[in-house]
Amino acid sequence: MANTNSSDGEVLSAPLTIEYPFRRSTGPILGAFFTGLREGVVVGVKRSDGSVLVPPSEYDPDTAEALDDLVEVGQAGKVTTWAWVVKPREKHPLDRPFAWALIQLDGADTAMLHIVDAGSKDRMKTGMRVALQWADERVGHINDIKCFVPEG
Amino acid sequence: MAKIQALEGVEPVTMIDAPARLDYTFTAGRATSRFLKGLEKKKLLGERSAATGKVYIPPRGADPVAGVPTDEQVEVADCGTVTSFCVVNVKFYGQAMECPYVCALVLLDGADVAMFGLIQEMPYEDVHPGLRVEAVWVDDNELSTTLENIKYFRPTGQEDAPLETYKEHV
Amino acid sequence: MRDVAVVSFAQSEHARALPGVNEVEMLMPVIGQVRDQIGLDKSRVGFTCSGSTDYLAGQAFSFVMTLDGIGAWPPISESHVEMDAAWALYEAWVKLQMGEIDVAMVYGYSKTSPGDLPDVLTRQLDPYCYAPLWPDSVSLAALQAQALLDTGSTSEREWAEIASRSRASAKNNPNAQLKGDFDPDVILADEYLVAPLRKHDCPPITDGAAAIILAADDTARELSKRPAWIRGLEHRIDAQSLGVRDLVNVKSLQLAGSAAGVSTGKIDFAELHAPFTYQEVLAKRALGLGADVQINPSGGALAANPMMAAGLVRIGEAADRIMAGEGDRAVATATQGACMQQNLVCVLEGE
Numbered sequence: 100m101a102n103t104n105s106s107d108g109e110v111l112s113a114p115l116t117i118e119y120p121f122r123r124s125t126g127p128i129l130g131a132f133f134t135g136l137r138e139g140v141v142v143g144v145k146r147s148d149g150s151v152l153v154p155p156s157e158y159d160p161d162t163a164e165a166l167d168d169l170v171e172v173g174q175a176g177k178v179t180t181w182a183w184v185v186k187p188r189e190k191h192p193l194d195r196p197f198a199w200a201l202i203q204l205d206g207a208d209t210a211m212l213h214i215v216d217a218g219s220k221d222r223m224k225t226g227m228r229v230a231l232q233w234a235d236e237r238v239g240h241i242n243d244i245k246c247f248v249p250e251g
Numbered sequence: 065m066a067k068i069q070a071l072e073g074v075e076p077v078t079m080i081d082a083p084a085r086l087d088y089t090f091t092a093g094r095a096t097s098r099f100l101k102g103l104e105k106k107k108l109l110g111e112r113s114a115a116t117g118k119v120y121i122p123p124r125g126a127d128p129v130a131g132v133p134t135d136e137q138v139e140v141a142d143c144g145t146v147t148s149f150c151v152v153n154v155k156f157y158g159q160a161m162e163c164p165y166v167c168a169l170v171l172l173d174g175a176d177v178a179m180f181g182l183i184q185e186m187p188y189e190d191v192h193p194g195l196r197v198e199a200v201w202v203d204d205n206e207l208s209t210t211l212e213n214i215k216y217f218r219p220t221g222q223e224d225a226p227l228e229t230y231k232e233h234v
Numbered sequence: 130m131r132d133v134a135v136v137s138f139a140q141s142e143h144a145r146a147l148p149g150v151n152e153v154e155m156l157m158p159v160i161g162q163v164r165d166q167i168g169l170d171k172s173r174v175g176f177t178c179s180g181s182t183d184y185l186a187g188q189a190f191s192f193v194m195t196l197d198g199i200g201a202w203p204p205i206s207e208s209h210v211e212m213d214a215a216w217a218l219y220e221a222w223v224k225l226q227m228g229e230i231d232v233a234m235v236y237g238y239s240k241t242s243p244g245d246l247p248d249v250l251t252r253q254l255d256p257y258c259y260a261p262l263w264p265d266s267v268s269l270a271a272l273q274a275q276a277l278l279d280t281g282s283t284s285e286r287e288w289a290e291i292a293s294r295s296r297a298s299a300k301n302n303p304n305a306q307l308k309g310d311f312d313p314d315v316i317l318a319d320e321y322l323v324a325p326l327r328k329h330d331c332p333p334i335t336d337g338a339a340a341i342i343l344a345a346d347d348t349a350r351e352l353s354k355r356p357a358w359i360r361g362l363e364h365r366i367d368a369q370s371l372g373v374r375d376l377v378n379v380k381s382l383q384l385a386g387s388a389a390g391v392s393t394g395k396i397d398f399a400e401l402h403a404p405f406t407y408q409e410v411l412a413k414r415a416l417g418l419g420a421d422v423q424i425n426p427s428g429g430a431l432a433a434n435p436m437m438a439a440g441l442v443r444i445g446e447a448a449d450r451i452m453a454g455e456g457d458r459a460v461a462t463a464t465q466g467a468c469m470q471q472n473l474v475c476v477l478e479g480e
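Chains as they are written, first to last, in this note's numbering: chain F, 100 to 251; chain U, 65 to 234; chain W, 130 to 480.
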């Protein structure tokens, strides 16, 4: 351990890296979502009132009712809120300025979190339309969506 | 799933990889730092609680009985008595030792809590509570601020310690 | 229901980093102070509950190690929550209501300085669709802030004024980390960190600890001349996914506030755990607090935000003011999770 420059000058410190090599079970509902991403479609789940959750969950977040009525939704939608990252962090999906956004896809009634590669903050606006861009290689993972881009 | 054409007849995804790596700079605190710096000089520094008189090693700066700081440093011996042990036969990721090997709790002379250590230089089936052992240190030019300075403990050849000297610890 | 009160509160110095101490060493003086200032022997504490999380310092089972610092041998009756210690206080309050004990101790602490807090906090998110993207805590707050801005009911200027007021109030708080005079016009000219949030909209990253002693009925009257009685205590949680929540109406805080009886009497002051400036706007609305209510006389979480303790600190700061006779009725809140997912409300009264 190395000496740390602290007020009492007597304390040792050392680098510590913790790695979690998790492989997680998806279950059938999220499994269908990720299978869909690998196959190039976006899958949601329908609630008993007919509204559609994307990403799908195994349960209705309001009523806790079990859900399994899977439906395909669109690959474009609208930004319901966004946040512009001026200086991306090392672990962020992009290494240049981008927007985090909640995106409500066509045919969905809830919004999903992803990023918008818009180039400039000036192109971002709540309610704007964005289209999904697929990653070149898809394995069944949220990163199969490379990003969203402003439509048109 | 039947009505989503793209999902028909394809191998379903059942698992995702979700690895994470977090980097820290760990700081040891005052008491543990004093202990680690002692190890660099082949000294085993415990800390005594004024409230209970007990000597804790390795010290964390607290007396767990009284809940007060310990701040008197006390050097304890690098030999002591095995209070308990186990023989490790299970292999696991990151294991530094070859199975089978012995992990033990060693009550160092002058300490009031037993410390973890390996027992070597004897058949594992002969390790037993009461066994007197001493630390085997790395070469002086390899000493640093780490508990790895003690490679393992080995039997001293002394007679077993009487049970009453360590019965609080079994 | 038994009458239960806060009778003692103590906190550490709060700082960006306290590298000179480990978690046990950071906590011990706080535990000593919270007991000693009311002359309480540790043998009278019938139940102890703590709040912390190992991810922050990367120290596995740190809550077991910190038990060394309170004197937990022979074994004491204790519990732990992987949450802000305000929820540990809730568990202790329930234990006191069960009538088996008269005194409980609650503490929370974190050393966030060894790690990278915005990254570490991503590990509390949905591990399938959120965490793999590493959306840091400031970015997620900025999503909620933008949604609030879009309602047209607040402004970045109002947020700068909240930051300025909080850090000016903190000048009277010897434990606060970030304090001083900040002109809203000047800080509003700063660059965005993650738009629409600037640095002043965000809480400082803090190492620190806090502890509270709770006591019931006559024991509370014995231990404090003017106990801060807990008249309402409730916590609620919203759905985890941000996309299914109404981000600009914090339902869990509304419901907890209503159940705790915030509006059943005049509130003299509020200690709101609103780590980001805009969250104070949301919290005031959810609790129905008017312009007459003094907000965060301590400086709030914008002046010091020790994870797992900052909510407990709000209850402690409010209780200290009640015990000192500086007000008769106060509300304190604690919040957890991304974008105020889970909220606790505590109503305190003096006699």
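We treat Cβ as the ideally placed atom computed from N, Cα and C, and that holds for glycine.
Spatially closest choice to residue i from the options, by CA coordinates
| i | options | result |
| --- | --- | --- |
| U:Cys-167 | U:Val-119, U:Met-179, U:Gly-174, U:Cys-143 | U:Met-179 |
| W:Leu-225 | W:Asp-245, W:Thr-348, W:Tyr-184 | W:Thr-348 |
| U:Ala-126 | W:Val-163, W:Gln-162, W:Pro-158, W:Gly-175 | W:Pro-158 |
| U:Asn-213 | U:Pro-219, U:Pro-122, U:Asp-204, U:Thr-147 | U:Asp-204 |
| W:Ser-181 | W:Pro-203, W:Leu-411, W:Met-212 | W:Met-212 |
| W:Arg-294 | W:Leu-352, W:Ala-189, W:Thr-280, W:Ile-316 | W:Ile-316 |
| U:Arg-112 | U:Leu-103, U:Pro-123, U:Gly-102 | U:Pro-123 |
| F:Gly-251 | F:Trp-199, F:Met-211, F:Arg-222 | F:Arg-222 |
| W:Asp-314 | W:Ile-334, W:Ser-392, W:Ile-291, W:Pro-303 | W:Ile-291 |
| W:Ala-274 | F:Trp-183, F:Gly-206, F:Asp-205 | F:Trp-183 |
| U:Ile-80 | W:Arg-458, W:Tyr-257, W:Glu-320, W:Asn-425 | W:Tyr-257 |
| W:Ala-389 | W:Cys-475, W:Lys-240, W:Gln-253, W:Gly-281 | W:Cys-475 |
| F:Gly-130 | F:Val-151, F:Phe-121, F:Pro-155 | F:Pro-155 |
| W:Ala-260 | F:Ile-202, F:Pro-192, F:Pro-127 | F:Pro-192 |
| W:Pro-333 | W:Glu-207, W:Ser-266, W:Glu-287 | W:Ser-266 |
| U:Thr-78 | F:Leu-136, F:Glu-109, F:Thr-116, F:Val-110 | F:Leu-136 |
| F:Leu-169 | F:Thr-179, F:Thr-162, F:Tyr-158, F:Lys-177 | F:Tyr-158 |
| F:Leu-284 | F:Val-248, F:Val-178, F:Ala-207, F:Gly-226 | Nothing can be reported for residue 284 of chain F, as the shown portion of chain F is limited to 100 through 251. |
| U:Cys-150 | U:Glu-223, U:Pro-193, U:Leu-211, U:Gln-137 | U:Pro-193 |
| U:Ala-175 | U:Pro-226, U:Thr-209, U:Val-140, U:Asp-135 | U:Val-140 |
Contact list for residue i against chain W, beta-carbon separation under 7 Å
| i | result |
| --- | --- |
| F:Ile-117 | Gly-187 |
Amino acids of chain U, ordered along the chain, whose beta-carbon sits closer than 8 Å to that of residue i
| i | result |
| --- | --- |
| W:Ala-260 | Ala-82, Ala-84 |
| W:Met-437 | Here the premise fails: no neighbours, minimum Cβ distance about 17 Å. |
Helix, strand or coil at residue i according to DSSP, with G and I counted as helix
| i | result |
| --- | --- |
| W:Leu-269 | helix |
| W:Leu-376 | coil |
| W:Met-437 | coil |
| W:Leu-196 | helix |
| U:Ala-66 | A caution first: U:Ala-66 carries a pLDDT of 47, below 50, which makes its placement in the model too unreliable to give a value. |
| W:Glu-320 | coil |
| U:Arg-112 | strand |
| U:Phe-38 | Nothing can be reported for residue 38 of chain U: it is not among the residues displayed for chain U, which extend from 65 to 234. |
| W:Leu-343 | strand |
| F:Pro-126 | With the sequence shown as reference, residue 126 of chain F is identified as Gly, and Pro is not the correct amino acid for it. Helix. |
| W:Pro-261 | helix |
| U:Ala-82 | strand |
| W:Val-410 | helix |
| W:Ile-291 | helix |
| F:Trp-199 | strand |
Inter-residue CB distance, residue i and residue j (contact presumed, cutoff 8 Å)
| i | j | result |
| --- | --- | --- |
| U:Leu-235 | U:Phe-217 | Summary: the structure shown does not reach residue 235 of chain U, with chain U confined to residues 65 through 234, and so no result is reported for it. |
| W:Leu-401 | W:Pro-325 | That pair is no contact at about 20 Å. |
| W:Ile-359 | W:Trp-222 | 6 Å |
| F:Ser-199 | F:Leu-212 | One detail in the question is off: residue 199 of chain F reads as Trp in this sequence, not Ser. Confirmed, Cβ separation roughly 7 Å. |
Within chain U, the residues that residue i reaches when beta carbons sit closer than 9 Å
| i | result |
| --- | --- |
| F:Ala-315 | The requested residue 315 of chain F is not part of the displayed model; chain F covers only 100 to 251. |
| F:Phe-247 | Going along chain U, no residue has its Cβ under 9 Å from F:Phe-247, so there is no contact; the nearest lies around 20 Å. |
For residue i: DSSP bridge partner residues
| i | result |
| --- | --- |
| F:Val-144 | F:Leu-152, F:Leu-169 |
| W:Phe-138 | W:Ile-341 |
| F:Ala-230 | F:Ala-175, F:Val-248 |
| W:Asn-472 | W:Arg-365, W:Thr-464 |
| U:Arg-196 | U:Thr-145 |
| W:Glu-455 | Looking at the DSSP assignment, W:Glu-455 forms no beta bridge with any residue, so it has no partner. |
Chain U contact residues for residue i, given Cβ-Cβ distances below 7 Å
| i | result |
| --- | --- |
| W:Arg-145 | Simply none; closest approach about 13 Å. |
Cross-chain neighbours of residue i in chain W, by beta carbon under 9 Å
| i | result |
| --- | --- |
| F:Ser-112 | Pro-148, Pro-243 |
Per-residue contacts from residue i into chain W (C-beta, under 8 Å)
| i | result |
| --- | --- |
| F:Arg-123 | Pro-256, Tyr-257 |
Beta-carbon neighbours of residue i, restricted to chain F and to distances below 9 Å
| i | result |
| --- | --- |
| W:Asp-248 | Arg-188, Glu-189, Lys-190 |
Neighbour list for residue i in chain F, Cβ cutoff strictly below 8 Å
| i | result |
| --- | --- |
| W:Val-379 | By Cβ distance, chain F contributes nothing, its closest Cβ being about 15 Å from W:Val-379, past 8 Å. |
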